[in-house]
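Position 45 of the sequence shown, counting from 1, maps to 42 under this note's numbering, and the rest follow consecutively. Beta carbons are placed, not taken as given, at the ideal position from N, Cα and C, and that holds for glycine. Have a look at the structure below, then the notes.
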Amino acid sequence: MSQNRSNLAQRTADTLRRGITNTETYAPGSKLPNENELSLELGVSRTTLREAIRILVAEGLLQVKRGKGTYVTQRKDRLSDALPSFDEQKVALKDLYEARLIIEPAAAALACERATDQEIEEIVRLVKATQEQFTHDFNNEEIIQREIAFHDALIRASHNQFFDHFLPVVNETIQKTFELEYKWDAVAEGAYNDNFMIIDFLRKRDAEALKSVMTIHLHRALWTEQLI
């Protein structure tokens, strides 16, 4: 994703967020207009709108119901309402990785069992796009967004709504990791090897193997970034 498109998606998400906060526009439990109507209303492409919705789903403000549409979550269902924001909490990178070690391998194992063939192929596509970016530039906004998209897609493929609320932890970890600005060769080499094992076992639907690889992948990151 280009920098301009990323910024536009974020601005679109901010506009929708304000509408959700102002319950006169989008009340809790209400359904958003369909994609065509909403993209016209906001003056953005459907691709940008989808990315903005993905951001708000990760924040727990929206929920996509298959075959039904996109809904504003009920306030009692919003995990983000019950937890302090990362800015307020100042969560350490090591703590974020420890949380991922608990949740992400389990989510990946469920994805092996529940992901559709189309979801698996989308994850494969995202991995290949990430790997291509690693060979060109280790530290820019595009690779951050591709890495986030890959991990988000893998967790969503678990089809567990609670895990959707965990996506901000993954996103924050990736953002903080790229802020370290060192050892990119080691990061790239480790991620390259791990990512292809991840998609290999995902395609084979080997839940136990994928769970192990995801655990190793996160431990490798902890060691590479000198967090343990």
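#1: Could you tell me the distance, in whole angstroms, from the CA atom of residue 7 to the CA atom of residue 217?
#2: Out of curiosity, what's the CA-to-CA distance linking residue 243 and residue 96?
#3: Have a look at the DSSP bridge pairing and note the partners of residue 59.
#4: Assuming the contact rule is C-beta atoms closer than 8 Å, residue 162 and residue 57 should be a hit. Round their C-beta distance to whole Å, please.
#5: Going along the chain, which residues of its own chain have a beta-carbon closer than 8 Å to the beta-carbon of residue 71, five neighbours each way excluded?
#6: The alpha helix (DSSP H) that contains residue 91, what's its start and end?
#7: Within its chain, find whatever has a CB closer than 8 Å to the CB of residue 195; leave out the 5 residues flanking it on each side and keep chain order.
#8: Put residue 12 into one of helix, strand or coil per three-state DSSP.
#9: To which residues of the same chain is residue 55 closer than 6 Å at the C-beta, ignoring the five residues directly before and after it?
#10: What separation, rounded to the nearest whole angstrom, lies between the Cα atoms of residue 107 and residue 13?
#11: Can you name the residues that DSSP bridges to residue 201?
#12: For residue 221 and residue 139, what's the separation of their Cα atoms in angstroms?
#13: Rank 16, 35, 128, 223 by C-alpha distance to the C-alpha of residue 192 and give the top, closest one.
#14: Could you round the C-beta distance between residue 93 and residue 173 to whole angstroms and report it? I think they count as a contact, below 8 Å.
#15: Following the continuous alpha helix (DSSP H) through residue 33, name the residue where it begins and the one where it ends.
#16: Under the rule that 16 or more other beta-carbon atoms within 10 Å means buried, what is residue 10, buried or exposed?
#17: If contacts are defined as beta-carbon pairs under 8 Å, then residue 160 and residue 100 qualify, I think. What distance do you get, rounded to the angstrom?
#18: Within the same chain, show all residues whose beta-carbon is closer than 7 Å to that of residue 203, passing over the 5 residues directly before and after it, in chain order.
#19: Would you list the one or two residues that DSSP bridges to residue 173?
From the atom records:
#1: Taking the sequence shown and counting its residues from 1, one reaches residue 7 at position 10. Taking the sequence shown and counting its residues from 1, one reaches residue 217 at position 220. Take the alpha-carbon of residue 7 and the one of residue 217: they are about 31 Å apart.
#2: With the chain covering -2 to 225 only, the question about residue 243 has no answer from this structure.
#3: Here the question's residue 59 lines up with position 62 in the sequence shown. Its beta-bridge partners are 69.
#4: Along the sequence shown, read from residue 1 onward, the residue named residue 162 stands at position 165. Along the sequence shown, read from residue 1 onward, the residue named residue 57 stands at position 60. Correct: roughly 5 Å between the Cβ atoms.
#5: Here residue 71 is taken as the residue at index 74 of the sequence shown, counted from 1. Taken in chain order, the residues that qualify are 25, 26.
#6: Mapped onto the sequence shown, residue 91 falls at position 94. Where residue 91 is concerned, the enclosing alpha helix (DSSP H) stretches over 90 to 111.
#7: Position 198 of the sequence shown, counting from 1, holds the residue named residue 195. So the qualifying residues of the chain are 105, 124, 151, 207, 210, 211, 214.
#8: Here residue 12 corresponds to residue number 15 of the sequence shown, with the count starting at 1. DSSP places residue 12 in helix when its eight states are reduced to three.
#9: What you label residue 55 is simply residue 58 of the sequence shown in a count that begins at 1. The answer, listed in chain order, is 164, 165.
#10: Locating residue 107 in the sequence shown gives position 110, counting from the first residue. Locating residue 13 in the sequence shown gives position 16, counting from the first residue. Using only the alpha carbons, I get a separation of about 31 Å.
#11: One-based indexing of the sequence shown puts residue 201 at position 204. According to DSSP, which records beta bridges pairwise, residue 201 is partnered with nothing at all.
#12: By one-based count along the sequence shown, residue 221 stands at place 224. By one-based count along the sequence shown, residue 139 stands at place 142. C-alpha separation (whole angstroms): 22 Å.
#13: For the purposes of this step, residue 192 is identified with residue 195 of the sequence shown, where counting begins at 1. Here the closest residue by C-alpha is 128.
#14: Residue 93 sits at position 96 when you count from the first residue of the sequence shown. Residue 173 sits at position 176 when you count from the first residue of the sequence shown. Contact holds; Cβ gap of about 7 Å.
#15: Here residue 33 corresponds to residue number 36 of the sequence shown, with the count starting at 1. Looking at the DSSP string, the run of the alpha helix (DSSP H) that includes residue 33 is 32 to 39.
#16: For this step, residue 10 is matched to residue 13 along the sequence shown. Buried, by the Cβ-count rule.
#17: Taking the sequence shown and counting its residues from 1, one reaches residue 160 at position 163. Taking the sequence shown and counting its residues from 1, one reaches residue 100 at position 103. Yes, residue 160 and residue 100 are in contact; Cβ-Cβ is about 7 Å, under 8 Å.
#18: The sequence position of residue 203 within the sequence shown is 206, counting from 1. Counting only Cβ-Cβ distances below 7 Å, and skipping sequence neighbours, we find 109.
#19: Counting from 1 along the sequence shown, the entry for residue 173 is found at position 176. Per DSSP, none; premise fails for residue 173.
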